[in-house]
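Residue numbers (our numbering): 3 to 365. Even glycine gets a Cβ: it sits at the ideal position worked out from N, Cα and C. Note that the coordinates shown come from a computational prediction; the quantities given were computed from them, not determined experimentally.
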Ligand code: NAD
Ligand code: TYD
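As structure tokens, this is what we get:
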């Protein structure tokens, strides 16, 4: 393993954007458990995907603060950086769902591109005012989707794979990645970029494949598989993503980029069948049993990327990180979480959600 950077980031005053969303809230729990002496400030606009309940057990703790606000609001960010003396930003806030980006790309450009730019510019001025320390860190949490789509036999994405985003979501994330890169090269801002594969686990909004299939099985609704179901994703349990971000924040050199993946390539129909088996086994009162009867092939997503796969050799050899949770274990834990958290997901099936659902699956 190469030299780990011995950073003075041992004490973080952390601003977590998007900390009320899926990965952000898992990360905030992870961080508060592991580093109780660090200060954690969450900035989240609470869009449809943000849920303050995800963080309710932390409310009232001395080291934790929640602020509702937009990453495009420059004066709010300036104020938070100054008054909390922030030295680390973990930037998760984004519009994150491909199907929504097809229906309405404008919000993706606004939050993902303009929002990231606003944060970078505010953090640059804060970092310059406080002495340009390398121990400062802007971690930009991005996706493997910026690399585009692979054929079945293509080698997995590495950190040098050229960008070729295909959806408005991935294009907006690619734009934000380029800004992050430019702020390191131009201003020397200590940035780190991670490009991660598909996450799954607790607190994921039921528009993404895995929670949607779990919840639809529980309410007896069709399990819509796009196209021929042969699209491949590399699945990473969200806790493993959090531990990767931990090593990156503590040990990566400024300006570095790391790919993060689960080494778990599965095609969609196999994944949905695995979920159905778990449901049949773990849920006692399924409306339709066995639940694979609900699987329905539906029209394909426009521009649907065929395959993503991550080569995570760099983070393994340089920082010693590897995923720990297999798809088999992670899916079981996830299904159990949705089974025992009906009170979390039932309120999310709102009128807005039903309208979104009809637009994607019925029209
Ligand atoms: P999510 O949609 O669950 O959460 C996004 C959060 O950002 C929400 O809490 C939302 O309220 C907040 N937000 C949105 N717009 C905002 C704004 N303008 N200002 C402040 N807050 C705002 O997303 P996620 O799945 O947790 O993804 C988090 C990050 O990780 C994203 O940047 C995403 O691109 C990246 N990522 C996600 C995956 C995945 O599989 N989910 C994989 C790789 C990378
Ligand atoms: P998703 O969870 O939306 O993540 P992403 O598109 O960012 O990879 O989708 C994962 C895969 O599952 C993707 O190939 C699209 C497919 N999919 C379906 O077949 N049906 C669905 O209802 C959804 C939401 C996704």
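- Under the criterion of beta carbons closer than 8 Å, residue 15 and residue 73 do not qualify as touching, at roughly 18 Å.
- Taking 7 Å as the cut-off, one finds at least one heavy atom of the ligand NAD near enough to the beta carbon of residue 73.
- Taking the Cα positions, residue 185 is about 40 Å away from residue 340.
- For residue 237, the three-state secondary structure derived from DSSP is strand.
- Scanning the region 236-299 for uninterrupted beta strand (DSSP E) segments of 3 residues or longer gives 259-262 and 267-269, listed from N- to C-terminal end.
- Cβ neighbours of residue 347 within its own chain (closer than 8 Å, five residues either side excluded): 208, 213, 217 and 340.
- In the structure shown, residue 37 falls within a coil segment according to DSSP collapsed to helix, strand and coil.
- Looking at the DSSP output, residue 198 bridges to 145 and 262.
- For residue 70, the uninterrupted beta strand (DSSP E) run begins and ends at 66-70, by DSSP.
- The alpha helix (DSSP H) runs of length 4 or more contained entirely in the region 113-175 are, from start to end of the chain, 118-131.
- Here the alpha carbons of residue 71 and residue 118 stand approximately 14 Å from one another.
- Remark: the shortest separation between the CB of residue 228 and any heavy atom of the ligand TYD falls under 7 Å.
- The beta carbon of residue 308 sits closer than 6 Å to those of 151 and 233, all from its chain and outside the five residues before and after it, given in chain order.
- Residue environment analysis places residue 84 among the exposed positions, since fewer than 16 neighbouring C-beta atoms fall within 10 angstroms of its C-beta.
- Residue 174 is classed as buried because its beta carbon has at least 16 other beta carbons within 10 Å across all chains shown.
- DSSP places residue 315 in the helix class (H, G or I) of the three-state scheme.
- Inclusion of residue 46 in the 7 Å shell around the ligand NAD follows from its C-beta lying nearer than that to a non-hydrogen atom of the ligand.
- A Cβ-Cβ contact shorter than 8 Å links residue 305 with residue 168.
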